[in-house]
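I have placed the structure first, in the form of structure tokens, so that the comments after it can refer back to it.
Residue numbers (the numbering used here): 686 to 908.
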């Protein structure tokens, strides 16, 4: 195609050059200039056609590229909405687990004994382990982990659809992914003393919330 365009360009220039020579000849001999002027014009039109074609193709490619970017941006936004949706579900499941552990641990700390699944416990390791087994049997622990796995999948889709328009948003999403993972891990895997656990859960949740607030979609707007 480039060879053909080059041939057309040079052919047009040759016709234009011939028209110029003919124009000079007609000027010298004082003949009517209409014919050589027409020849020059034809030469210019022929020579300009490859340039116009290249410009048209460049504009077409540019429009197609913009359409591809717009399509990817829409898919990115859709993936981000799913990302936030699963973040919310993982957060709700994690907060539920943290509340259950806090209740058992707090009651044991206050009273010296706690009843979990109709069994009395007087040491925190056994009580917390029993609550963990109950949460596992209810599927609550799996909920938090499974929704977080979905979040990871949504983030991967965001990476796949990322363009220059949303690179910074992807950075924020990566931070949310990390902070949410830490929150899930801290809340669902109790460690240390009761006070240490509650402090760690609170701090992890605050970091997780601050990270979410940087995303362009409002957390509350995603159902």
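Idealized CB from N, CA, C, for every residue including glycine.
Residues of the same chain with a CB within less than 6 Å of the CB of residue 896, apart from the 5 flanking positions on each side, are 860, 861 and 864 in chain order. CA-CA distance, residue 809 to residue 875, rounds to 10 Å. In the three-state reduction of the DSSP assignment, residue 805 falls in the strand class. If you draw a straight line from the Cα of residue 836 to the Cα of residue 869, it is about 12 Å long. With respect to the 8 Å criterion, residue 902 and residue 843 are not classified as neighbours on the basis of their beta carbons. Annotated three-state conformation of residue 800 is strand, per DSSP. Residue 858 sits buried, since 16 or more C-beta atoms from the chains shown fall within 10 Å of its C-beta. When rounded, the separation of the alpha-carbon atoms in residue 753 and residue 849 is 12 Å. Put simply, the segment 818 to 832 touches the segment 776 to 796. At least three CB pairs are less than 8 Å apart.
The continuous alpha helix (DSSP H) containing residue 828 extends over residues 825 to 846.
Judged by DSSP in its simplified three-state form, residue 900 adopts coil rather than helix or strand. Counting C-beta atoms within 10 angstroms of its own C-beta, residue 890 has 16 or more neighbours from the protein chains shown and is therefore classed as buried. Note on geometry: alpha-carbon atoms of residue 824 and residue 814 lie some 15 Å from one another. Look at residue 878 here: in three-state DSSP terms it is coil, with no helix or strand label. Here residue 797 is near residue 807, since their CB atoms are less than 8 Å apart. Annotation: residue 849 is outside any alpha helix (DSSP H) and is labelled neither H nor E by DSSP.
By the neighbour-count criterion, in which a residue is buried when 16 or more other Cβ atoms sit within 10 angstroms of its Cβ, residue 888 is exposed. One thing to note: residue 871 has its Cβ within 8 Å of the Cβ of residue 886.
Rounded to whole angstroms, the Cβ separation of residue 846 and residue 757 is 5 Å, and the two are in contact under 8 Å.
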